[in-house]
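Enquirer: Quick note on numbering: the sequence shown equals residues 1 to 166 in UniProt numbering.
Before anything else, here's the structure in question.
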Amino acid sequence: MIITASKYSGACEKSSPAKAIRYLLGTTVTKTIGQRDHDVVRDPVPETLFGDAQTVGTFLTSLPFKPKYLSMTASFAADEVDARAFSAGGWRREAGHFIATILDASYAGIPGPCRPPTFVNTHVNTGRLEINFFCRAPSSMGGHGSKASPLSRRGKSTPRFVSHCK
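Listed below in structure tokens is the structure:
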């Protein structure tokens, strides 16, 4: 398994939450290979495992600060998880545990109902299982990115989403 975070954060128009959502949900996406753009059809189409992309997008757009979001992908090699078996309904319990572990570690100490909205989906069209996370970038209570969080990014922000839980 390889975990990578996108370089985009929503800090500029080029990387708006709406563009990230279109990429995550898109059944056809444009990829640059060499110096040419190619349309890639995702078959099977992306599958939502958790949350709602539009709810996350609305939440992120309402934030008064930057960076706004984190997009992270956990990519499993074909010999780790059979993407076809996953598409057919297998490996769901394990995927659920994996997602819960990532979110619990990322928002450690923040009760589930007090966490910001999160969207998780899959791409399996590459022959690998890719689990994509799209959410508000976790931060520590001090306002800086939490280095302990798998979903953290460096940068200053104010964790205002906690205020409604007091």
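Just so it is clear, CB atoms sit at the ideal spot from N, CA and C, and this is done for glycine as well.
Predicted, not measured: the structure shown is a model, and the values here were computed from it.
Taking only the alpha-carbon atoms, compute the straight-line gap between Ser15 and Ile99 and give it to the nearest angstrom.
Expert: Approximately 24 Å between the Cα atoms of the pair.
Enquirer: Which of the three DSSP states, helix, strand or coil, is assigned to Lys66?
Expert: Of the three classes helix, strand and coil, the one that applies to Lys66 here is coil, per DSSP.
Enquirer: Who are the near neighbours of Ala85 in its chain, counting only those whose CB is closer than 7 Å to its CB and skipping five residues on each side?
Expert: Trp91.
Enquirer: When the Cα atoms are used, what is the spatial distance from Ala88 to Pro44?
Expert: Taking the straight line from one Cα to the other gives about 10 Å.
Enquirer: With distances taken Cα to Cα, identify the nearest neighbour of Glu13 among Leu25, Glu80, Tyr69, Ala77.
Expert: Comparing Cα-Cα distances from Glu13 to each of Leu25, Glu80, Tyr69, Ala77, the minimum goes to Tyr69.
Enquirer: Using 10 angstroms around the beta-carbon of Arg36, count the other beta-carbons present and answer buried if the total reaches 16, otherwise exposed.
Expert: The residue is exposed, with fewer than 16 neighbouring Cβ atoms inside 10 Å.
Enquirer: Got a sec? Which residues, its chain only, sit under 7 Å from residue 172 by beta carbon, not counting five neighbours each side?
Expert: The requested residue 172 is not part of the displayed model; the chain covers only 1 to 166.
Enquirer: In angstroms, rounded to a whole number, what distance separates the CA positions of Val120 and Phe59?
Expert: Val120 and Phe59: Cα-Cα distance of roughly 15 Å.
Enquirer: Looking at C-beta atoms only, is the number of pairs between the stretch 45 to 64 and the stretch 117 to 135 that lie closer than 8 Å three or more?
Expert: Yes: the two stretches touch, three or more of their Cβ pairs being nearer than 8 Å.
Enquirer: From what residue to what residue does the alpha helix (DSSP H) around Lys31 run?
Expert: Where Lys31 is concerned, there is no enclosing alpha helix (DSSP H), although the beta strand (DSSP E) it sits in stretches over 28 to 33.
Enquirer: Considering Ala88, what are the terminal residues of the alpha helix (DSSP H) in which it resides?
Expert: Premise fails: Ala88 is in no alpha helix (DSSP H) and is neither H nor E.
Enquirer: Quick check on Phe65: buried or exposed, where buried means 16 or more other Cβ atoms within 10 Å of its Cβ?
Expert: Classification for Phe65: exposed.
Enquirer: Return the chain-ordered list of same chain residues with a C-beta closer than 8 Å to the C-beta of Ala53, the five sequence neighbours on each side being excluded.
Expert: So the qualifying residues of the chain are Ile21, Leu24, Leu25, Phe119, Asn121, Phe134.
Enquirer: Rounded to whole angstroms, how far is the Cβ of Asp39 from the Cβ of Thr30, which I believe are closer than 8 Å?
Expert: Right, their Cβ atoms sit about 6 Å apart.
Enquirer: So, at 8 Å on beta carbons, what are the nonlocal neighbours of Thr4 in its own chain, with the 5 sequence-adjacent residues on each side left out?
Expert: Met72, Thr73, Ser75.
Enquirer: Does DSSP put Arg115 in a helix, in a strand, or in coil?
Expert: Three-state DSSP puts Arg115 in coil, outside helix and strand.
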